[in-house]
Amino acid sequence: MKTRRIVHILPRFSQDRPGGAEIAVASLAPHLEELGMRSEIWTTRRAGEATSERFGDLLVRRFSGLFLSKKERGLAERGKVPISLSLAWNLAIRSRPDVLHLHLHNRLSSLAATVAKARRIPTVITLHSRFRLIRPRPIYWFPNEAAVRLADAVIGVAPLITEMVVSAGIRPRRGATIPNGVDIDLFRGDGAAFRRELDINSGPVVLCVGRIYDVKNQLGLIDSFEQLMLDVPDAHLVLLGFPADREYFEKVVRAISRPGLEGRCHLLTDVTQQDHRFFDAYAAADVVAIPSRFEALSLVALEAWAAGAPLVANRVGGLATLITPGVDGLLVDETDDPSAMTNALRRVLTDPQLADDLRTNASKTAIRYSWREIARDLSVVYESVSR
Numbered sequence: 386m387k388t389r390r391i392v393h394i395l396p397r398f399s400q401d402r403p404g405g406a407e408i409a410v411a412s413l414a415p416h417l418e419e420l421g422m423r424s425e426i427w428t429t430r431r432a433g434e435a436t437s438e439r440f441g442d443l444l445v446r447r448f449s450g451l452f453l454s455k456k457e458r459g460l461a462e463r464g465k466v467p468i469s470l471s472l473a474w475n476l477a478i479r480s481r482p483d484v485l486h487l488h489l490h491n492r493l494s495s496l497a498a499t500v501a502k503a504r505r506i507p508t509v510i511t512l513h514s515r516f517r518l519i520r521p522r523p524i525y526w527f528p529n530e531a532a533v534r535l536a537d538a539v540i541g542v543a544p545l546i547t548e549m550v551v552s553a554g555i556r557p558r559r560g561a562t563i564p565n566g567v568d569i570d571l572f573r574g575d576g577a578a579f580r581r582e583l584d585i586n587s588g589p590v591v592l593c594v595g596r597i598y599d600v601k602n603q604l605g606l607i608d609s610f611e612q613l614m615l616d617v618p619d620a621h622l623v624l625l626g627f628p629a630d631r632e633y634f635e636k637v638v639r640a641i642s643r644p645g646l647e648g649r650c651h652l653l654t655d656v657t658q659q660d661h662r663f664f665d666a667y668a669a670a671d672v673v674a675i676p677s678r679f680e681a682l683s684l685v686a687l688e689a690w691a692a693g694a695p696l697v698a699n700r701v702g703g704l705a706t707l708i709t710p711g712v713d714g715l716l717v718d719e720t721d722d723p724s725a726m727t728n729a730l731r732r733v734l735t736d737p738q739l740a741d742d743l744r745t746n747a748s749k750t751a752i753r754y755s756w757r758e759i760a761r762d763l764s765v766v767y768e769s770v771s772r
C-alpha cells in the first residue's frame, strides 16, 4: 500500500506551549501512520526557532513569515499569524503532498489553499474555533473565507462549528464533524505528589487548565472561587497555563493576591504536556473547571474525563453539546455573575455521591474519544478527497 503524505499547516508549533490544534496533530500522527498516512507539519518561524526539526517521527518545517504592519506584529502574542510567501512558494514549486490539511482559517491558509487549488492538491480544512463572516466582506473575504470555500472538505471539531459554516452560506463539497481526541493511557498521574509540591496538605483542589487570556476567563473563576471559600474554606485553586496575553496575565496575578486568597491560589505557568506534573495535576483535582467564554471543543474536558475527574463547565460553544449535564459533568449558564459557577463547584465538592457518579461516567465517556478512532474517521475524509 502506498504511503500518503499529509502536510498539516498550523499557525504555530511549540512542544513547550502547545495549543489544541498542535496537540491534535501531534497525537494523530502516529495513528495516521498506522493507516499508511505519514504526517508532517508546516508552520511559520518565530525568533530562535529552527527551520526544520523532528519531534519523534514527526517532521516540523518552519518558514519565514511577514507581518504587514507594526500593529500586526504586536498582536502576535495574541495569535496573529504572519503571511508566509516562502511556505506558499515551497508548496507551489518544490513540494507536492498527497493531501494538504489546513488547521487555520486566515490569510496564510487562504494563500496555501489558492496554491493547492492551482496545483490540484486535495485540501482539507479543520475549523478548531468559531467561524463567522467578517464585514466589510470585500476586505475580509480572502483572509477569512477563501480557504473554507476552496477546501475540498471542511471539518468542524463540534457540530456547532459545522453549523456556523452552513449558516454563513457556505456549502462544502464534503462536510464532517470530527472531534479532537485524548490519549487515555497518559492520564495516570500522581495526585499526592502534586499536592506535596504545592504544599496542599488537605482540602479539595479546583483545577483550571488553559492559556491565560481573556477568552479562558480565569478572572471569572477566581471570583467564583472566592465565593466558594465561604462554604469550603480549605479549598485550593490551581491555575495551570502559560500567559498568552501579558496584560491579562498581570490582572490574574493581582487577583490571586487579594486578601484571603494568599496560599489558596496556585499559578503554574511552566508546566507542559511533556512534564509529569501536567498529568499529576489532573490526578490531584477534585473538580476541573472550564470557565471559558467560548470553546469549540475543549481538550481540557476530554483530559478531565481521561483522568476520571468531575467536570464543571460554562454552557458555551461546543461544550453545550459535548457534556451530558448531570452525567459526565455539570453545565453552567455563562454570565458575569460568578455565583452560578460557584454553586456548581459547591455541589460537586459537598456531594460525594454526585462526585463519584461524575468520575465513573467521565471514564466511560473518555473511551469514545480515542485518538485511534479519530484517526480512522479522518483517514476516510482524506481518501474521499483523493479520489
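For the sequence shown, the numbering used here gives the first residue as 386, with consecutive numbering after it. Idealized CB from N, CA, C, for every residue including glycine.
Kindly confirm or deny that the region 620-629 and the region 589-605 touch, where touching means at least three C-beta pairs closer than 8 angstroms. Touching, yes, given that three or more Cβ pairs across the two stretches are closer than 8 angstroms.
DSSP beta-bridge partners of Arg-446: The residue you call residue 446 lines up with position 61 of the sequence shown. Per the DSSP secondary-structure output, Arg-446 pairs in a beta bridge with Trp-427, Ser-437.
Could you check what DSSP says for Ile-510 in three-state terms: helix, strand or coil? Taking the first residue of the sequence shown as position 1, residue 510 is located at position 125. Strand, per DSSP.
Exposed or buried, Asn-529, counting other C-beta atoms within 10 Å across all chains shown (16 or more means buried)? Within the sequence shown, residue 529 is the residue found at index 144, counting from 1. Classification of Asn-529: buried, given that the 10 Å Cβ count is 16 or more.
Less than 7 angstroms between CB atoms is the rule here; does Gly-648 satisfy it with respect to chain C? In the structure shown, chain C cannot be found, because there is only a single protein chain.
With 16 other Cβ atoms within 10 Å as the buried cut-off, status of Arg-631: Start at 1 with the first residue of the sequence shown, and residue 631 comes out as number 246. Within 10 angstroms of the beta-carbon of Arg-631 lie fewer than 16 other beta-carbons, which makes it exposed.
Using 8 angstroms for Cβ pairs, my map puts Leu-613 next to Arg-731. What's the rounded Cβ distance? As a first step, residue 613 is located in the sequence shown; it is residue number 228 there, counting from the start. As a first step, residue 731 is located in the sequence shown; it is residue number 346 there, counting from the start. Their Cβ separation, rounded to whole angstroms, is 6 angstroms, which keeps Leu-613 and Arg-731 in contact under 8 angstroms.
Taking Cβ to Cβ, would you say His-513 is nearer than 7 angstroms to Gly-405? For the purposes of this step, residue 513 is identified with residue 128 of the sequence shown, where counting begins at 1. For the purposes of this step, residue 405 is identified with residue 20 of the sequence shown, where counting begins at 1. The Cβ atoms of His-513 and Gly-405 sit closer than 7 angstroms to each other.
Just tell me which of Leu-470, Ser-494, Ala-670 has its CA closest to the CA of Phe-579. Taking the first residue of the sequence shown as position 1, residue 579 is located at position 194. If you compare the alpha carbons of Leu-470, Ser-494, Ala-670 with that of Phe-579, the shortest gap goes to Ala-670.
Taking its Cβ as the centre, do 16 or more other Cβ atoms sit within 10 Å of Gly-703, making it buried, or is it exposed? On the sequence shown, residue 703 is found 318 positions in, with the first residue counted as 1. Label assigned to Gly-703: buried.
What residue does the alpha helix (DSSP H) around Gly-560 start on, and which one ends it? Residue 560 sits at position 175 when you count from the first residue of the sequence shown. Element bounds for Gly-560: not the alpha helix (DSSP H) but the beta strand (DSSP E), 560-562.
Cα-Cα separation, Val-500 to Leu-684: Against the sequence shown, residue 500 aligns to sequence position 115. Against the sequence shown, residue 684 aligns to sequence position 299. For Val-500 and Leu-684, the distance between alpha carbons rounds to 32 angstroms.
Per-residue burial, Asn-746 [other beta carbons within 10 Å of its own, 16 or more giving buried]: Residue 746 sits at position 361 when you count from the first residue of the sequence shown. Per the 10 Å Cβ criterion, buried.
Give the secondary structure of Ala-689 by DSSP, where H, G and I count as helix, E and B as strand, and everything else as coil. Here residue 689 is taken as the residue at index 304 of the sequence shown, counted from 1. Helix, per DSSP.
Integer-rounded CB distance, given that Leu-485 should sit under 8 angstroms from Thr-508: Counted from its first residue, the sequence shown places residue 508 at position 123. Counted from its first residue, the sequence shown places residue 485 at position 100. Going by Cβ atoms, the distance from Thr-508 to Leu-485 rounds to 5 angstroms, so yes, they are a contact pair.
Proximity to Ile-675 [Cα-Cα], best of Glu-419, Asp-483, Ala-640, Pro-723: On the sequence shown, position 290 is the one that residue 675 refers to. The candidate whose alpha carbon is nearest that of Ile-675 is Pro-723.
8 angstroms CB neighbourhood of Leu-583 in its chain, flanking five on each side removed: Counting from one through the sequence shown, the residue named residue 583 turns up at place 198. So the list reads His-621, Val-623, His-651, once near-sequence residues are dropped.
Going by C-alpha to C-alpha distance, which of Arg-534, Val-551, Thr-562 sits closest to Pro-544? Taking the sequence shown and counting its residues from 1, the one referred to as residue 544 is at position 159. Considering only alpha carbons, the answer is Thr-562.
Determine the DSSP secondary structure at Leu-646, reduced to helix, strand or coil. As a first step, residue 646 must be located in the sequence shown, where it is residue number 261. Note: Leu-646 maps to coil in three-state DSSP.
Grouping DSSP H, G and I as helix and E and B as strand, with all else coil, what is Met-422? Residue mapping note: residue 422 aligns to position 37 of the sequence shown, counting from 1. DSSP places Met-422 in strand when its eight states are reduced to three.
Measuring alpha carbon to alpha carbon, tell me which of Leu-476, Ile-752, Trp-526, Met-422 ends up nearest Ala-689. For the purposes of this step, residue 689 is taken as residue 304 along the sequence shown, with counting starting at 1. The shortest C-alpha separation from Ala-689 is found at Ile-752.
Looking only at its chain, what residues have a beta carbon closer than 8 angstroms to the beta carbon of Arg-397, apart from the 5 residues adjacent to it on each side? Position 12 of the sequence shown holds residue 397. Contacts found: Gly-404, Glu-407, Thr-428, Thr-429, Arg-431, Val-466.
Which residues in the same chain as Val-637 place their Cβ atom closer than 8 angstroms to its Cβ, once the five residues preceding and following it in sequence are excluded? Residue mapping note: residue 637 aligns to position 252 of the sequence shown, counting from 1. Answer for Val-637: Ile-597, Gln-603, Leu-604, Ile-607, Leu-624, Leu-652, listed in chain order.
Beta-ladder partner(s) of Val-673, from DSSP: Working through the sequence shown from its first residue, we reach residue 673 at position 288. BP columns for Val-673 point to Leu-592, Leu-696.
Kindly indicate which three-state DSSP category Val-539 falls into: helix, strand or coil? Counting from 1 along the sequence shown, the entry for residue 539 is found at position 154. DSSP places Val-539 in the strand class (E or B) of the three-state scheme.
Beta-carbon proximity check, Val-392 vs Pro-523, cutoff 7 angstroms: The residue labelled residue 392 in the question sits at position 7 within the sequence shown. The residue labelled residue 523 in the question sits at position 138 within the sequence shown. No. Outside cutoff.
For Leu-472 and Arg-446, what's the separation of their Cα atoms in angstroms? One-based indexing of the sequence shown puts residue 472 at position 87. One-based indexing of the sequence shown puts residue 446 at position 61. Between Leu-472 and Arg-446, the alpha-carbon positions lie close to 9 angstroms from each other.
Any beta strand (DSSP E) of 3 or more consecutive residues that is wholly inside the region 604-668: Inside the region 604-668, DSSP marks whole beta strand (DSSP E) runs of 3 or more residues at positions 621-625, 650-653, from first to last along the chain.
Are the CB atoms of Asp-665 and Gly-588 nearer to each other than 7 angstroms? Counted from its first residue, the sequence shown places residue 665 at position 280. Counted from its first residue, the sequence shown places residue 588 at position 203. No, the pair does not count as a contact, with Cβ atoms beyond the cut-off.
Would Gly-554 be called buried (16 or more neighbouring beta carbons within 10 Å of its own) or exposed? Taking the first residue of the sequence shown as 1, we reach residue 554 at position 169. Exposed.
For Val-766, list the residues DSSP reports as bridge partners. Numbered from its first residue, the sequence shown carries residue 766 at position 381. None; Val-766 has no bridge partner.
Compare the C-alpha of Ser-494 against each of Ser-771, Tyr-525, Ser-609, Leu-395 and name the closest. In the sequence shown, residue 494 corresponds to position 109, counting from 1. The residue with the shortest Cα to Cα distance from Ser-494 is Leu-395.
Status (buried if at least 16 other CB within 10 Å, exposed otherwise) for Lys-387: As a working mapping, residue 387 is identified with position 2 in the sequence shown. Lys-387 is classed as exposed because its beta carbon has fewer than 16 other beta carbons within 10 Å across all chains shown.
Tell me which residue opens and which closes the alpha helix (DSSP H) that Leu-470 is part of. One-based indexing of the sequence shown puts residue 470 at position 85. Here the alpha helix (DSSP H) through Leu-470 covers 470-474.
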